[in-house]
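All you need for our numbering is the position in the first sequence, starting with 1, plus 39.
From the three backbone atoms N, C-alpha and C, an ideal C-beta is built for every residue, glycine too.
Source: prediction; values computed, not measured.
Data first, discussion second: the structure below is written as structure tokens.
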Amino acid sequence: MKPALFSVLCEIKEKTGLSIRSSQEEEPVDPQLMRLDNMLLAEGVAGPEKGGGSAAAAAAAAASGGGVSPDNSIEHSDYRSKLAQIRHIYHSELEKYEQACNEFTTHVMNLLREQSRTRPVAPKEMERMVSIIHRKFSAIQMQLKQSTCEAVMILRSRFLDARRKRRNFSKQATEVLNEYFYSHLSNPYPSEEAKEELAKKCGITVSQVSNWFGNKRIRYKKNIGKFQEEANIYAVKTAVSVTQGGHSRTSSPTPPSSAGSGGSFNLSGSGDMFLGMPGLNGDSYSASQVESLRHSMGPGGYGENLGGGQMYSPREMRANGSWQEAVTPSSVTSPTEGPGSVHSDTSN
DNA sequence: TAGTATGATTGGCA
DNA sequence: TGCCAATCATACTA
40 MKPALFSVLC EIKEKTGLSI RSSQEEEPVD PQLMRLDNML LAEGVAGPEK GGGSAAAAAA
100 AAASGGGVSP DNSIEHSDYR SKLAQIRHIY HSELEKYEQA CNEFTTHVMN LLREQSRTRP
160 VAPKEMERMV SIIHRKFSAI QMQLKQSTCE AVMILRSRFL DARRKRRNFS KQATEVLNEY
220 FYSHLSNPYP SEEAKEELAK KCGITVSQVS NWFGNKRIRY KKNIGKFQEE ANIYAVKTAV
280 SVTQGGHSRT SSPTPPSSAG SGGSFNLSGS GDMFLGMPGL NGDSYSASQV ESLRHSMGPG
340 GYGENLGGGQ MYSPREMRAN GSWQEAVTPS SVTSPTEGPG SVHSDTSN
């Protein structure tokens with residue numbers, strides 16, 4: 040009786056087992072899991088060790104402005120060590136899960152084997168149980184991967200966000216940029232080539248040069264009184280180097296492509312004395328330009344002899360309507376803040 | 001430590 | 001795509 044009953048049960052099992060199996064197998068690969076896997080691989084957390092995220096460290100170097108900062112290596116090693124920590128935790132947790140999964144699977148298999156003595160347990164059913172267990176554990180694994188990804192993202196945002204590790208440019212770099220700016224005050228829009236050259240000279244990236252000029256233009260316009268003094272300082276510097284050597288001490292990169300008589304700026308006659316200032320091409324100032332510099336730097340203080348009382352006249356400078364009259368200093372010798380000027384950003 | 005300076009980011013515009 | 005303007009976040013300074 041018992042063997043007959045057993046065989047009937049086996050038949051029923053076989054049928055139901057097959058129907059369950061056919062309904063549950065061949066599940067598609069979870070795209071979310073794939074994304075997580077790819078990200079962990081890319082970050083160097085999953086997969087073979089690849090220098091603790093050297094790619095990300097390289098990205099950090101690029102983001103931090105050409106890697107001129109001496110702190111960079113320290114920061115990157117810090118980043119790498121933290122990434123290695125995450126990697127270590129991820130792998131140890133993964134190992135634990137796998138171990139637990141194996142243990143649980145063995146336990147269930149043993150139970151089923153024991154049960155197979157009293158009820159029919161087909162090998163296919165055992166396989167099904169194993170796959171169920173694996174699915175459950177892979178769900179847990181996915182959570183682990185997700186939290187690991189989050190940790191990596193936080194780490195990245197902390198270390199790679201350039202804003203967080205802002206460094207002031209070197210004095211020399213600022214001087215180079217300022218010299219260019221004030222010597223091209225009529226058209227402070229360096230061309231791509233000029234930007235590249237400035238970037239090279241300053242040890243910063245082209246986008247940093249663009250940022251610098253963007254900030255400078257706005258801040259100059261907002262508070263021309265303050266910058267007038269700076270402008271004069273650079274005027275004297277450049278003038279001295281001109282009268283001494285015929286070339287600027289820090290030769291300016293190629294002037295902007297739009298600069299010059301054909302540029303989009305309407306230039307005043309008495310204003311921007313560096314108008315048409317030579318670039319690296321080896322051009323030199325005209326005698327009258329040098330002479331006018333000498334006059335403007337006379338004993339009475341530079342700029343005193345100028346009709347408008349200013350060496351730089353930002354007025355009439357117009358770039359697409361933006362670089363224009365908004366900036367009009369009252370005097371060079373007694374710089375005052377322009378109308379509506381602010382000390383810093385309006386936000387500050 | 002508050003105020004200021006400054007490099008970077010973001011959103012809108014032409 | 002480059003620029004402007006506003007803003008953020010950090011560095012610097014008195």
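Residue from the options whose Cα sits closest to the Cα of residue i
i, options, result
"residue 177", "218, 267, 75, 275", "75"
"residue 209", "238, 126, 146, 155", "238"
"residue 166", "148, 159, 156", "148"
"residue 216", "146, 205, 243", "243"
"residue 86", "232, 129, 220", "129"
"residue 192", "121, 265, 271, 264", "121"
"residue 124", "190, 264, 43", "190"
"residue 206", "231, 232, 220, 251", "251"
"residue 226", "77, 73, 259", "259"
"residue 249", "265, 73, 230", "230"
"residue 137", "77, 50, 181", "181"
"residue 50", "73, 72, 77, 158", "158"
Neighbour-count burial assignment, residue i, 16 or more Cβ in a 10 Å radius
i, result
"residue 99", "Any reading at residue 99 is ruled out, since the residue's pLDDT is 45, under 50, leaving its predicted position unreliable."
"residue 257", "exposed"
"residue 150", "exposed"
"residue 153", "exposed"
"residue 179", "exposed"
"residue 224", "buried"
"residue 222", "buried"
"residue 268", "exposed"
"residue 46", "exposed"
"residue 278", "buried"
"residue 253", "exposed"
"residue 162", "exposed"
"residue 82", "buried"
"residue 316", "Confidence in residue 316 is poor, its pLDDT being 39 and thus under 50, which makes the residue's placement unreliable; the coordinate value appears in the next sentence. The residue is buried, with at least 16 neighbouring Cβ atoms inside 10 Å."
"residue 247", "buried"
"residue 126", "buried"
"residue 349", "The predicted model places residue 349 with a pLDDT of 42, which falls under 50 and marks its position as unreliable; any figure quoted below should be read in that light. So residue 349 counts as buried."
"residue 141", "exposed"
"residue 70", "exposed"
"residue 42", "exposed"
"residue 119", "buried"
"residue 332", "At residue 332 the pLDDT is 36, less than 50, meaning the model places this residue with poor confidence and gives no usable figure here."
Expected contact under 8 Å - CB spacing of residue i and residue j to nearest Å
i, j, result
"residue 273", "residue 218", "6 Å"
"residue 184", "residue 79", "6 Å"
"residue 84", "residue 187", "6 Å"
"residue 144", "residue 169", "6 Å"
"residue 241", "residue 212", "4 Å"
"residue 220", "residue 255", "5 Å"
Legend entry - Cβ pair count under 8 Å reaching 3, the region 130 to 138 against the region 165 to 175: Taking 8 Å as the limit for Cβ pairs, the verdict is that the region 165 to 175 does not touch the region 130 to 138.
Legend entry - Unbroken stretches of the alpha helix (DSSP H), 4 residues or longer, contained in the region 132 to 215: 162 to 199
Legend entry - alpha helix (DSSP H) segments (min. 4 residues) lying fully within the region 213 to 250: 231 to 241
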